[in-house]
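Anchor point for the sequence shown: position 276 equals 278 in the numbering used here, and the numbering is continuous, going up by one each time.
Using N, Cα and C, we set each Cβ at its ideal position, and we do this for glycine too.
Let me begin by presenting the structure, written as structure tokens, before commenting on it.
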Amino acid sequence: MKSFFDEYSRVIGMLALTFVVVILLSTPSMLFAKPITMIDTELSRASGGETSVRAKMDFGNNEHVRAFPNAIGDWTGSDYNTTGIEKSLAADVMLLRAYSNPKLYQPVFFLIMQSTNRSSFHPPIVCYPALGYTIEEEGKEMIPVQNVSWIEEPLYTNPGNKTRIYPNRTISAKKLIVVKESNGKVTERRVVLYYYVKENPFASDTVTMVRVSALAPTEGSYDGILNITKEFMADTFPSMFELRREESPVLLILFASGSRIGKVAIILLILAPLSIIFYPQIIRRWK
């Protein structure tokens, strides 16, 4: 009578081989990193310009969000009381802070807001008109993230790459130019940049928005203020995210390591399930 292992060795071996193949074809970040989220300009759909990131902070935790750095470069922040705004916007977590720079004549306003009810979330394109603003212009801006050397190194990074200088990256943000008028005259003009931090839509209905805004001249070009808001938004990324870099599969990393141990490990990982698959034949040959 065949033993259980004799009868099911091929099935067990195939499952083990599948597991080994998945491990070898995965990247270190897929195996060991924190969950991946997306930065995107659209709330309910993918824009095509989304960026994969790992969040360094818990956007659903008020303490974590309020611990966002109060000083960023030459900028110093001052918090607003958001209790009333949170209720009116159905927000679960909110941080509203004005950042001032001694080199500039006006502050930049920074907002992080999260809601667990996507249907009640008020995006800026809806919220500003509700507050009496008119959307003068709508578009997208590419936010340059300078020398992203703050990205966490992969688990199996070659020690020779530790001093590598990473290239610049860009993140897509939604841009709004909104104005308020009185008696046919523009009395206020704002530059607004924002994006969404989106979790797996099948696992969560939670949505987070990050927004940077500033007052602009009521007439003429707003390019100067736009550049300031873009630079400030770029400066906030290292405090919130670790960008996801392209990584090679574990198989290629072990091969490229230049070590015999890596190549031997690959061979042993593949031989182990194969030996289980062909166990009955091996035993019969030895008998």
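- Taking the Cα positions, tyrosine 198 is about 37 Å away from threonine 20.
- In the pairwise beta carbon analysis, the region 86 to 98 is classified as touching the region 108 to 125: at least three pairs are separated by under 8 Å.
- Secondary structure within the region 213 to 270: the alpha helix (DSSP H) runs of 4 or more consecutive residues, fully enclosed, are 225 to 242 and 252 to 258 (chain order).
- Annotation for asparagine 119: Ala92 and Asp207 place their beta carbon closer than 8 Å to its own, counting only its chain and skipping 5 residues before and after.
- Pairing glycine 15 with phenylalanine 280 gives a Cβ-Cβ distance under 9 Å.
- The beta carbon of threonine 78 sits closer than 6 Å to the beta carbons of Ser102 from its chain, once the five residues preceding and following it are set aside; these are given in chain order.
- Residue Gly222 holds the alpha-carbon nearest to the alpha-carbon of valine 188 among Gly222, Phe111 and Lys177.
- In this structure, alanine 236 keeps its C-beta atom at 9 Å or more from the C-beta atom of isoleucine 137.
- By alpha-carbon distance to aspartate 60, the top candidate from Asp42, Ile255 and Lys200 is Lys200.
- Relative to the Cα of isoleucine 230, the nearest Cα in the group Asn72, Ala48 and Leu195 belongs to Leu195.
- Within its own chain, the residues whose Cβ lies closer than 8 Å to the Cβ of glutamate 183, once the five positions on either side in sequence are excluded, are Thr136 and Thr189, listed in chain order.
- Under the three-state reduction of DSSP output, alanine 132 falls in the helix class.
- Nearest Cα to proline 71 within the set Lys177, Leu113 and Leu17: Leu113.
- CA-to-CA, the gap between alanine 73 and arginine 99 works out to about 11 Å.
- Here serine 46 is exposed: its Cβ has fewer than 16 other Cβ atoms, across all protein chains shown, within 10 Å.
- DSSP, reduced to helix, strand and coil, places phenylalanine 123 outside both helices and strands of the structure shown, so it counts as coil.
- DSSP, read as helix, strand or coil, puts alanine 93 in coil.
- If you draw a straight line from the Cα of glycine 75 to the Cα of lysine 105, it is about 12 Å long.
- Arginine 213 places its beta carbon less than 9 Å from that of phenylalanine 111.
- Burial state of leucine 270 is exposed, judged by a 10 Å Cβ sphere holding fewer than 16 other Cβ atoms.
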